[in-house]
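To keep things clear, I will list the structure first and then write my remarks on it.
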Amino acid sequence: MVVFSAVTFLVSNRFIVPTVPVILAVVVLAVTKTQRKLIGQKQTPIYEITEGTVKITGNISAPRTFETPYFKQQCIAYIYEEGNITYDSESGSEHVRKTRIEEQFQDFYLSNATGKIKVIATKLNLAFLPAKTDTLHSIKYAVDDIRYSERALKNGDLVSVMGYARRNNYVEVELSENAGQPLVIATPDFEDKAQKSFRVFKILLPYIILMYVAVNYFLFAPLKIHIKESQIFPYFAIFGMAILSLILAVLSKKHKGFLKVVFGVLAGACFSAFFLSFPLICLFYIIKLEYSRILCIWLAILACNLLAFTINYHKLETAFD
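Structure representation (structure tokens):
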């Protein structure tokens with residue numbers, strides 16, 4: 244009962260607004276720590292490796308092959324996960340409870356134009372490899388659905404490996420895990436997408452901070468204006484903005500030159516404003532915040548997004564080229 248009361252108080256209190264973005268930022272930084280380290284680590288030519296953390300991109304090879312449990316892929320390393328799926332009848336979301344995890348790997352070689360190096364595979368992080376999945380649906384009950392997932396490394400694959408380089412007893416340089424941190428393996432495609440995502444975030448960060456300040460100002464500062472409440476506004480802010488962004492995106496694709504840019508800017512700003520304001524508007528109506536504040540906060544979010552997309556449209560467009 245005490246826990247329920249505490250949760251109700253937090254959800255129904257406007258003071259949660261300034262704290263949630265900070266908590267989310269901390270969580271995102273923690274979750275993306277490995278990705279950021281992988282992207283930030285520069286490539287090292289194999290012939291220049293001495294000792295320390297390095298990242299090498301090359302083709303892998305190993306003497307033995309394994310067969311994955313479900314898809315029967317021939318590979319040199321894999322991780323297999325199996326889980327039962329349960330569904331939320333109200334939200335339609337699904338939850339996977341892992342019931343089996345199996346992995347097999349071995350030492351392998353990584354080679355490129357700068358040389359060849361042995362990789363000691365005591366611990367591998369294969370989370371950044373593309374997953375091959377399948378869902379076995381039950382005829383009778385949805386709760387009996389089973390999700391199968393495999394990530395595999397195959398002979399000849401081009402990958403980036405980040406680990407710790409050290410010399411063995413024969414004074415040969417090898418790549419291995421360090422201090423319990425597994426070797427990180429990723430495809431060039433994953434690195435490219437992650438790099439573009441971080442680049443976009445870096446471009447938008449000043450406007451996110453500006454929006455954070457504006458939202459909190461209108462949330463807590465004394466307002467001397469009074470705006471008559473509109474019954475249409477919440478429906479337009481939640482549903483109308485999403486539909487409008489889709490229409491503008493279609494118009495942007497159909498036009499060229501100046502009109503393409505205008506429609507593209509408006510589409511991006513409308514969708515981003517919808518995405519960011521949707522949970523806030525729901526919360527504000529739950530806690531019965533004054534309509535004038537709700538409207539000012541929504542307009543501030545929309546203005547910040549329009550500013551961000553207008554100034555950085557070409558940067559954002561080229562970021563995904």
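For the sequence shown, my numbering gives the first residue as 244, with consecutive numbering after it. Just so it is clear, CB atoms sit at the ideal spot from N, CA and C, and this is done for glycine as well. Keep in mind it's a predicted model, so treat the numbers as computed, not measured.
Residue pairing for Glu417: DSSP places it in a beta bridge opposite Lys361, Arg409. Ala485 sits in a helix when the DSSP states are folded into three classes. The beta carbons of Lys375 and Phe433 sit no closer together than 8 Å. Taking 8 Å as the cut-off, the Cβ atoms of Tyr321 and Phe309 count as close.
Secondary structure of Ser403 (DSSP, three-state): strand. About 5 Å separates the CB atoms of Lys361 and Glu417; that is less than 8 Å, so the two are in contact. Burial state of Glu533 is exposed, judged by a 10 Å Cβ sphere holding fewer than 16 other Cβ atoms.
Just measuring C-alpha positions, the residue of Met484, Gly500, Leu494 sitting nearest Leu519 is Met484. The shortest C-alpha to C-alpha distance from Asn548 to any of Tyr391, Ser354, Tyr352, Tyr450 is the one to Tyr450.
The closest CA to that of Ile282, considering only Ile554, Ile537, Phe482, Ile299, is found on Ile299. For Gln316, the secondary structure class from DSSP, reduced to helix, strand or coil, is coil.
Nearest neighbour of Asn398 by Cα position, chosen from Pro288, Leu526, Tyr556, Gly301, turns out to be Gly301. Rounded to whole angstroms, the separation of the alpha carbons of Pro306 and Leu509 is 55 Å. Going by beta carbons, Phe461 and Cys539 fall inside the 8 Å limit. Closest option to Thr357, judged by alpha-carbon separation, among Tyr407, Pro288, Gln424, Ile475: Pro288. Under DSSP, Leu396 takes part in a beta bridge, and its partners are Ala320.
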